[in-house]
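In our numbering, the protein residues as written are 11 to 475.
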């Protein structure tokens, strides 16, 4: 904790809250947060910890404990922080007492990161309250956060400086969008209901959206925690998706080695003459095996992920061939492709190669081996690698702006941005892209891609913050 004496004050408050007079109320708050999850899933607290890990359950419990600290009970509004400060507050530093008071008066909400200075601060916007972004002093969180992250947390101000309290939950962008949409729908209905009830009594109710939202946030913690837990448990229990190629075939890495019984020059000449192969000029010689006919998209299981690679001309790449070490080697990502490729090379290299040998490796095995070995070092300098990635992303996203996308109901991003509703969806889409790229670049130690030109070109830069 950055506030002098705050960590010690929290420890003292935790110990105080274990007193018998607070036990039933503390258990009530725990039940408000967890009972619905327990009933819906049949899981226990230990089961949650096993599935999500001790770190995740500590963060969840941190949010729940802070809700207990801020809660008021009974007609007199009893509060554990009030009780502690009244009877033991003299032991704490002034700044620590102010921190406890700020936590007591706080409410958890969902915040969107609009900017950050790693190791120093984050600028966040409250997605429920709205309003202008605020700068939060946060050293550790700002080192791991990415722009457009969505964080459930309490924001407090002590001595003119704004902080997060300890309990924080990272929401995925999709889950955050669902939560905000649910809250907005619920609060609109609640306000209409209150106004209608007042009218039925012959009264006029003047209540602002701000008041409705503040009233909701006072009790928002259980809903936030339950949504986060339900999503996290679903992801943890979900089986790995099947990965299929474009024809719907199971991914199996096949390597077929043809021993060369002639000269390498003759092999290269034959391969260069084959219209299905495209040589890339590398050394040793390397060819991409292209689908020249109209691509056949096979049936892919509903939960499978389709993996397809295309060449510069848009043709599907079915495999690759390399010549070196007295062998011509065909690589393909499925058995059907490997058989097609073997038949192709057997015909093209007739009389120049011997009987081929085949080696197979499953996707799971390949991933397991990759986890156990560091990736090979790139022959490019870091700045050269960054430029290659930037150029690749640039080409891809410039094409994407005019490509129909299911997210926009079959419209391209540029077409969607022509309407008010479409602009809102374009902004959400760009945030997803930018947030995902920021996390990718952090994992890979590469600079993140600059999406600012896309916001400008789609006419939504004013929503970027």
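Glycine included, each C-beta is placed from N, C-alpha and C at the ideal position.
According to DSSP, what are the bridge partners of residue i?
i	result
residue 421	415
residue 288	298
residue 181	160
residue 329	299 and 342
residue 264	342 and 370
residue 410	Paired residues: none, contrary to the question.
residue 255	317
residue 83	88
residue 205	DSSP output for residue 205 lists no bridge partner at all.
residue 70	Answer is none; residue 70 lacks a bridge partner.
residue 363	270
With DSSP run on the structure shown, which of helix, strand or coil describes residue i?
i	result
residue 5	Because the chain is modelled from 11 through 475, residue 5 falls outside the range shown and cannot be assessed.
residue 458	coil
residue 195	helix
residue 471	helix
residue 372	strand
residue 151	helix
residue 337	strand
residue 172	strand
residue 269	strand
residue 280	helix
residue 188	helix
residue 89	coil
residue 50	helix
residue 167	strand
In its own chain, which residues sit with a C-beta less than 7 Å from the C-beta of residue i, not counting the 5 before and 5 after it?
i	result
residue 180	159 and 161
residue 369	265
residue 403	459
residue 337	267, 268, 269 and 270
residue 37	none
residue 366	266, 267, 268 and 352
residue 122	134, 135, 137, 158 and 160
residue 412	422 and 424
residue 274	333
residue 414	420, 421 and 422
residue 131	145, 146, 147, 148 and 152
residue 442	183
Give me, in chain order, the residues of the same chain whose beta-carbon lies closer than 6 Å to that of residue i; leave out the 5 immediate sequence neighbours on both sides.
i	result
residue 364	269 and 271
residue 425	none
residue 474	465
residue 341	265, 329 and 330
residue 119	136, 138 and 227
residue 8	Only positions 11 to 475 of the chain appear in this structure, which leaves residue 8 out of reach.
For residue i, which residues in the same chain have their Cβ closer than 8 Å to its Cβ, ignoring the five residues on either side in sequence?
i	result
residue 176	11, 20, 72 and 76
residue 105	13, 14, 15, 16, 168 and 169
residue 220	139
Please tell me whether residue i has its Cβ less than 7 Å away from any Cβ of chain D.
i	result
residue 204	In the structure shown, chain D does not exist; there is a single protein chain.
Which parts of the region 101 to 138 are runs of the alpha helix (DSSP H), unbroken and 4 residues or longer, counting only runs that do not cross its ends?
104 to 114
Counting pairs of Cβ atoms below 8 Å between the region 12 to 30 and the region 207 to 220, do you hit three or more?
no
Specify whether the region 142 to 154 and the region 47 to 66 touch according to this definition: at least 3 beta carbon pairs, one from each stretch, less than 8 Å apart.
no
With a threshold of 8 Å, are at least 3 pairs of Cβ atoms found where one atom belongs to the region 459 to 468 and the other to the region 437 to 444?
yes
Below 8 Å, how does it come out for the region 94 to 112 and the region 212 to 223: are there three or more Cβ pairs, yes or no?
no
Could you check whether the region 184 to 203 touches the region 232 to 244, counting it as contact only if at least three pairs of C-beta atoms, one from each stretch, sit closer than 8 Å?
yes
Is it a yes or a no for the region 283 to 297 touching the region 323 to 341, going by three-plus beta-carbon pairs under 8 Å?
yes
Are the region 89 to 99 and the region 59 to 69 in contact at 8 Å, needing three or more beta carbon pairs?
no
Below 8 Å, how does it come out for the region 340 to 360 and the region 244 to 251: are there three or more Cβ pairs, yes or no?
With fewer than three CB-CB distances shorter than 8 Å, the region 340 to 360 does not count as touching the region 244 to 251.
So does the region 445 to 464 actually touch the region 414 to 422, counting three or more Cβ pairs closer than 8 Å?
Segments in contact, no.
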